[in-house]
Structures are given as C-alpha cells and as structure tokens.
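See structure below.
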C-alpha cells in the first residue's frame with residue numbers, strides 16, 4: 001500500500017477531488033454501457049412478443 | 001490457414017451463428033474484464049507510487065490513457081466494418097459498426113473529461129484549444145455524426161451506407177490525433193506507449209496501466225457483442241430462429 005492511512009488515500013495528496021471525480025465519472029460511464037444494452041434487450045424482446053401475440057390473434 | 005479464415009468470414013456473416021457463438025464467448029470476456037478493471041484500478045489508486053512531479057493526480061492516467069486508446073481503436077474498427085459492408089454487402093458488419101459507435105463515443109467522452117480533470121491541477125486549466133485536444137473533440141463529434149446518420153436515414157441499407165462512408169472519411173483524423181503531440185506545440189505530454197522505445201514510466205506504474213488497457217478492451221469486446229446481439233434480434237425478427245429465442249426468453 002502506498003498510502004499511510006485511509007484518510008491519506010481519500011485525500012490523494014490534495015488532489016482527491018480530481019482523482020475521485022475522474023474515477024467516479026469512469027464508473028458512471030461503465031455502468032451506463034452495461035445497463036443501456038440490457039434495457040434495450042428487454043424492450044426488444046417485449047416488443048417482439050407483442051407482435052407475435054398480435055399475429056396469432058389475427059390467425060385465429 | 002487461408003481456408004479457415006474464409007470459412008470464419010462466412011460464418012461471421014451469419015447472424016444466427018454469431019448470436020449463438022457470442023452467447024458462449026461472453027463470459028470469457030466479461031469475467032476477465034471485470035478482474036482486470038478491479039485489479040488495475042486498485043493497484044493504480046492505492047499501490048502504485050505517486051508521480052514525483054504531478055503527485056497523486058497522475059493516477060487519472062489509469063482511466064485517461066486506456067479510454068483514449070480504446071476510443072481511437074473503436075473508431076478504426078467501426079470504419080473497417082463500414083468498409084466490409086460497402087465492399088461485400090455484409091449486413092453483420094453494418095450491425096457491428098452500429099454497435100461500436102455508442103460505446104466508442106462514451107470512451108471518447110471519458111478520455112476528454114478525464115483529460116480536462118487531469119489538466120486542471122497539472123496545467124492550471126481545464127481546456128486548451130491545441131491540436132491533441134481539438135482532434136480528440138473532433139473524434140467525439142465523428143462518433144455522434146455516425147450515430148445520427150445511422151438513425152436518420154429512411155432505409156436500413158442507406159443508413160448503413162452513409163454511416164460507413166462518414167466513418168471512412170473521418171479516418172483521416174486518427175493519424176492527426178496520434179501525431180498531434182509531435183507536429184504541434186502542446187501542453188499535452190507525449191505518448192505513454194511507444195512501439196520502438198522502452199517505456200519511460202517506472203514498471204510499478206506501468207503494470208497497472210497495461211492491466212487497465214486490457215480490461216478496457218475486453219469490456220469493449222463484451223459490450224459490442226451484447227449490442228450486436230440486440231441488433232440481430234431486432235433486424236432478424238421475422239426469422240424463425242429469432243422467434244424461438246424470444247419464446248424461450250419469455251418462458252423464463
């Protein structure tokens with residue numbers, strides 16, 4: 001461990017604000033990149049199911 | 001070898017094959033990506049020594065350099081997919097290109113914003129209009145442009161064609177980004193990685209960076225597959241095998 005204490009680690013030698021802001025934004029962007037396609041997939045499957053049901057109703 | 005490549009190319013052109021194989025490949029990308037990103041971030045944040053000039057603000061490098069590298073690689077891959085689509089009319093290539101664009105854009109944005117955050121304590125300013133930063137901003141707008149064009153066109157065919165042409169034209173920006181720190185005066189430091197020279201960085205700073213780069217690329221690979229699978233379901237919805245996949249999903 002490079003830092004002597006947890007408080008030192010958070011402070012990042014007076015640059016804490018910049019370091020944690022950068023890592024925070026990175027985390028947010030990674031989460032967005034994971035969640036967005038998952039929601040998309042859910043929507044597509046729900047949509048395709050609806051279409052299928054409508055077609056079956058037409059047939060009967 | 002050549003025969004194998006030709007066969008692989010034909011298989012990659014088949015949406016059904018890609019959908020099935022990518023489902024099997026995904027865990028092999030997701031798990032190592034998560035491991036690399038966690039190990040790289042913890043190592044870079046807590047164990048690597050601080051830079052003797054920049055102090056701890058240099059730890060932003062572990063996000064900034066991988067995202068900047070990946071944004072450019074993503075752009076090149078998107079343009080290559082565009083070329084494959086234009087030359088051989090491979091639909092899959094267009095869908096992969098469409099999947100790369102939003103991920104590339106977020107990576108480019110991440111590189112720009114972490115650069116600005118790093119610039120403030122290091123240069124005393126968030127932003128300068130020098131060649132490196134401006135050409136990187138142009139890359140972000142190119143990603144946005146390709147995404148907008150892919151959605152704006154009437155037919156799927158035209159959208160893919162226009163997107164591919166724009167991404168190929170924008171390719172000239174890539175060498176400009178790369179050489180901008182050598183051709184023009186800039187505040188930006190020179191490249192961290194060079195093919196021909198030994199890295200100037202100390203090894204205990206460099207290792208976490210390499211691990212982060214690998215993690216970013218694996219993550220990118222996984223996310224491109226996930227988005228391409230979505231494209232396939234959407235575009236091939238009339239095919240029987242897609243209907244079966246949807247039914248199986250519905251049963252769960």
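Residue numbers (my numbering), protein chains in the order written: chain A, 1 to 60; chain B, 1 to 252. Note that beta-carbon positions come from the ideal geometry of N, C-alpha and C, so glycine has one too. Just so you know, these numbers come straight off a predicted model, no measurement behind them.
Item: is_contact[residue 59 of chain A, chain B] using C-beta, thresh 7 Å; Value: no
Item: Test: residue 49 of chain B CB closer than 7 Å to a CB of chain A; Value: yes
Item: Beta bridge counterpart(s) of residue 51 of chain B as assigned by DSSP; Value: B/55
Item: N-terminal and C-terminal residue of the alpha helix (DSSP H) that residue 132 of chain B is part of; Value: 131-152
Item: Residue 44 of chain B, DSSP secondary structure in three states; Value: helix
Item: Assumed close pair residue 68 of chain B, residue 220 of chain B - CB separation to whole angstroms, cut-off 8 Å; Value: About 13 Å separates the two Cβ atoms, so there is no contact after all.
Item: Distance CB(residue 62 of chain B)-CB(residue 212 of chain B) smaller than 7 Å; Value: yes
Item: Cα-Cα separation, residue 185 of chain B to residue 176 of chain B; Value: 14 Å
Item: Contact set between residue 21 of chain B and chain D, taken where Cβ atoms lie within less than 7 Å; Value: In the displayed structure, chain D is absent; the protein chains listed are A and B.
Item: Whole alpha helix (DSSP H) elements within the stretch 185-249 of chain B, 4-residue minimum; Value: 203-235
Item: Neighbour list for residue 233 of chain B in chain A, Cβ cutoff strictly below 8 Å; Value: 41, 44, 45, 48
Item: Secondary structure of residue 125 of chain B, DSSP reduced to three states; Value: coil
Item: Span of the alpha helix (DSSP H), counted from its first residue to its last, around residue 30 of chain A; Value: 16-59
Item: Residue 133 of chain B at chain A interface by Cβ criterion, 7 Å; Value: no
Item: Buried or exposed (CB count within 10 angstroms, at least 16 for buried), residue 158 of chain B; Value: exposed
Item: Cβ distance (whole Å) where residue 140 of chain B is taken to contact residue 105 of chain B below 8 Å; Value: 6 Å
Item: Contact list for residue 253 of chain B against chain A, beta-carbon separation under 8 Å; Value: The displayed coordinates of chain B run from 1 to 252. Any statement about residue 253 of chain B would go beyond what the structure contains.
Item: Touch test, the stretch 29-41 of chain B against the stretch 2-22 of chain A, Cβ-Cβ under 8 Å, three pairs minimum; Value: no
Item: Proximity test, Cβ basis, 7 Å: residue 204 of chain B and chain A; Value: no
Item: Straight-line Cα distance separating residue 66 of chain B from residue 30 of chain A; Value: 13 Å
Item: Residue 253 of chain B burial status per 10 Å Cβ neighbour count (16 or more: buried); Value: Residue numbering for chain B in the displayed model covers 1 to 252; residue 253 of chain B lies beyond these limits and cannot be assessed.
Item: Cutoff 7 Å: residue 24 of chain A Cβ touching any chain B Cβ; Value: no
Item: CA-to-CA distance, residue 234 of chain B to residue 44 of chain A, given in whole angstroms; Value: 7 Å
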